[in-house]
Amino acid sequence: MKKLIGWSTTLTLLLVGFAHGQEAPKDLTLSLEDCVKIALEKSNSVVQGKLLRDLQDVGVDQAKAAFLPTLSSGWGNSNTINGPRNASFLDESTGTIVQSVGESTVSGGQSVSANLNMSLFNASDFANLAAARKNYRAQELDLTAREHTAVFLAKRDYYSLLQTMSLLEVQREQVHVSEESLRRAETLNEIGSSPISQVFSAKAVLESERATLILRENAVEIARSQLSFTLGMTPDTRIIPIEVEISVDPVPLSYTKAYEIATRRPALVSDRYQMLGAKDNLRAQRYRQYVPSVRLSGSYGWNLSDGEDFAGFEDLFLRNYRYTVSVNVSVPILNMGTTTGVKRQKIQYLQQLETYEQAKRDLGLDVRSTLLRLEQLRRTVDANEASVVAQEQDFRLQDEAYNFGAGTFLDRQQAQLRLFNARSALVRARYDYQIQIATLEQLIGMPLAEALAQ
Numbered sequence: 166m167k168k169l170i171g172w173s174t175t176l177t178l179l180l181v182g183f184a185h186g187q188e189a190p191k192d193l194t195l196s197l198e199d200c201v202k203i204a205l206e207k208s209n210s211v212v213q214g215k216l217l218r219d220l221q222d223v224g225v226d227q228a229k230a231a232f233l234p235t236l237s238s239g240w241g242n243s244n245t246i247n248g249p250r251n252a253s254f255l256d257e258s259t260g261t262i263v264q265s266v267g268e269s270t271v272s273g274g275q276s277v278s279a280n281l282n283m284s285l286f287n288a289s290d291f292a293n294l295a296a297a298r299k300n301y302r303a304q305e306l307d308l309t310a311r312e313h314t315a316v317f318l319a320k321r322d323y324y325s326l327l328q329t330m331s332l333l334e335v336q337r338e339q340v341h342v343s344e345e346s347l348r349r350a351e352t353l354n355e356i357g358s359s360p361i362s363q364v365f366s367a368k369a370v371l372e373s374e375r376a377t378l379i380l381r382e383n384a385v386e387i388a389r390s391q392l393s394f395t396l397g398m399t400p401d402t403r404i405i406p407i408e409v410e411i412s413v414d415p416v417p418l419s420y421t422k423a424y425e426i427a428t429r430r431p432a433l434v435s436d437r438y439q440m441l442g443a444k445d446n447l448r449a450q451r452y453r454q455y456v457p458s459v460r461l462s463g464s465y466g467w468n469l470s471d472g473e474d475f476a477g478f479e480d481l482f483l484r485n486y487r488y489t490v491s492v493n494v495s496v497p498i499l500n501m502g503t504t505t506g507v508k509r510q511k512i513q514y515l516q517q518l519e520t521y522e523q524a525k526r527d528l529g530l531d532v533r534s535t536l537l538r539l540e541q542l543r544r545t546v547d548a549n550e551a552s553v554v555a556q557e558q559d560f561r562l563q564d565e566a567y568n569f570g571a572g573t574f575l576d577r578q579q580a581q582l583r584l585f586n587a588r589s590a591l592v593r594a595r596y597d598y599q600i601q602i603a604t605l606e607q608l609i610g611m612p613l614a615e616a617l618a619q
């Protein structure tokens with residue numbers, strides 16, 4: 166019993182150790198380019214897009230199959246046994262009816278057959294093939310759009326992680342300054358140079374900033390998990406980003422040029438091909454309603470009875486064969502199912518057309534809003550940089566005034582709060598600007614440098 170308990174304890178410790186080993190976070194140091202590559206490889210949206218593209222490729226093959234003949238062949242072997250039958254006949258010599266029992270008979274044979282069917286003309290098949298090709302092209306472009314979205318999400322979450330980490334550093338510095346302020350207030354209170362209220366005020370400010378520090382530490386881990394999730398990794402993977410150089414320069418791109426470039430983005434062109442595919446499907450339905458179709462069919466049959474001998478392969482074409490060739494013309498006159506299908510397909514086409522037109526309007530609004538947001542953030546960064554410089558000077562002067570007794574502790578605290586608020590605002594604006602650059606690149610469907618070169 167003791168041995169059993171010992172084995173159970175050992176097994177439990179091994180399992181716990183294995184579980185802890187599995188839960189240990191994995192640290193990865195990645196650059197922005199590394200994150201983009203990983204996102205393109207592991208993004209679920211990109212993988213789904215590839216599968217949808219392959220599915221549309223099969224749809225094209227299926228549409229082509231309507232033009233190809235269908236062939237089938239068969240071989241049969243039959244054996245029939247007929248049991249004996251009773252027979253009656255008149256015996257002329259005796260003049261009586263005689264009953265007799267016959268013998269069983271065996272018969273059989275072999276057969277070979279082949280059938281061919283193909284469409285000589287069906288206008289709807291051509292329209293279906295055109296629709297399938299457009300749908301495949303739409304899915305190809307949709308895959309490219311998914312890749313652009315994966316790149317944007319990777320950049321957005323990467324910059325967001327850097328932003329939260331920078332805000333955390335600002336907050337740590339603010340806590341450090343507040344700790345020094347508290348120690349100074351306690352020292353001055355001990356020598357009788359300041360009231361006890363300044364100590365409590367400094368302590369209250371410090372604890373409030375420590376609470377904010379906890380929030381920002383948590384925000385960093387949340388942003389880290391979000392980036393890991395975007396890259397297709399487990400949320401507990403700890404990605405350590407490499408700081409990137411941030412330049413906040415004006416974007417010399419007018420709305421007209423940006424929108425003209427954006428109209429060629431894969432997502433919008435994909436919507437256009439989907440609309441054209443719906444139009445071809447409508448055309449196919451109308452052809453079924455009005456246009457005749459022609460089909461060719463042919464068959465070959467060969468039989469060999471049980472009493473005949475098979476002389477070789479040439480027998481298939483020298484005797485006992487049968488050929489049939491027929492051409493069928495089908496003229497549609499009335500089919501309510503087809504009529505209803507035309508109405509349904511027309512509505513679907515109008516839906517796709519409206520979706521495409523609305524996508525163009527939405528794109529124009531998004532491009533305009535992003536350009537305005539970029540200009541706003543650029544000016545905000547300039548203003549915040551000037552504000553940080555001014556707040557640093559103000560805090561230095563307020564600190565000196567307080568040290569020499571010409572200023573109050575409250576003035577110094579307020580100057581400190583304004584300084585670190587300005588630094589936090591500058592950090593947010595700088596990284597928000599980079600996120601908006603990534604947003605603009607997603608909207609126009611290409612890197613900004615490439616768009617400016619056009």
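Residue numbers (the working numbering): 166 to 619. Virtual Cβ for every residue (Gly too), placed ideally from N, Cα, C.
DSSP places residue 396 in the coil class of the three-state scheme, outside both helix and strand. For residue 552, no beta strand (DSSP E) run applies; the uninterrupted alpha helix (DSSP H) run containing it begins and ends at 501–568, by DSSP.
Secondary structure at residue 192: strand, using DSSP grouped into helix, strand and coil.
Less than 8 Å divides the Cβ of residue 224 from the Cβ of residue 300.
Taken in chain order, the unbroken stretches of alpha helix (DSSP H) that lie wholly in the stretch 401–478 and span 4 residues or more are 420–427, 431–455.
Nearest neighbour of residue 214 by Cα position, chosen from 315, 194, 561, turns out to be 315. Uninterrupted beta strand (DSSP E) stretches at least 3 residues long and entirely within the stretch 270–294 occur at 270–286, given in chain order. For the set 197, 373, 405, the Cα lying nearest the Cα of residue 340 is the one of 373. With a beta-carbon spacing of about 6 Å, residue 192 and residue 405 fall inside the 8 Å limit used to define contacts. Taking 8 Å as the upper bound for CB-CB distance, residue 292 and residue 514 are not in contact here, some 12 Å apart. In the DSSP annotation of this structure, the continuous segment of the alpha helix (DSSP H) that includes residue 604 starts and ends at 574–609. Looking at 346, 353, 379, the one whose alpha-carbon comes closest to that of residue 368 is 346. Between residue 221 and residue 304, the C-beta spacing is below 8 Å. Per DSSP, reduced to three states, the secondary structure at residue 359 is coil, with no helix or strand assignment. With contacts defined as CB atoms closer than 8 Å, residue 430 and residue 294 fail to qualify as a contacting pair. Setting aside the 5 residues that flank it on each side, residue 384 is surrounded in the same chain by 329, 332, 333, each with a C-beta closer than 8 Å to its C-beta; the list follows chain order. A Cβ-Cβ contact shorter than 8 Å links residue 601 with residue 542. With a threshold of 16 other beta carbon atoms within 10 Å, residue 610 meets it and is buried. Shown here, residue 375 sits in a helix according to DSSP, grouped into three states. Secondary-structure assignment with DSSP links residue 383 through no beta bridge to anything.
For residue 337, the CB contacts under 7 Å within the same chain, skipping 5 residues up- and downstream, are 378 in chain order.
For residue 494, the pairing in a beta bridge is given by DSSP as 459. Distances from the alpha-carbon of residue 419 to those of 536, 195, 561 put 536 closest. If you draw a straight line from the Cα of residue 324 to the Cα of residue 371, it is about 29 Å long. Going by DSSP, residue 209 is part of the alpha helix (DSSP H) stretching over 209–230. Annotation: the continuous alpha helix (DSSP H) that includes residue 617 extends over 613–618. In the three-state DSSP reduction, residue 302 falls in the helix class (H, G or I). By the criterion of a C-beta distance shorter than 8 Å, residue 354 is surrounded in its chain by 360, 361, 363, 364, once the five residues flanking it on both sides are discounted. Non-local beta-carbon contacts of residue 194 in its own chain, meaning distances under 6 Å to residues more than five positions away in sequence, involve 405 in chain order.
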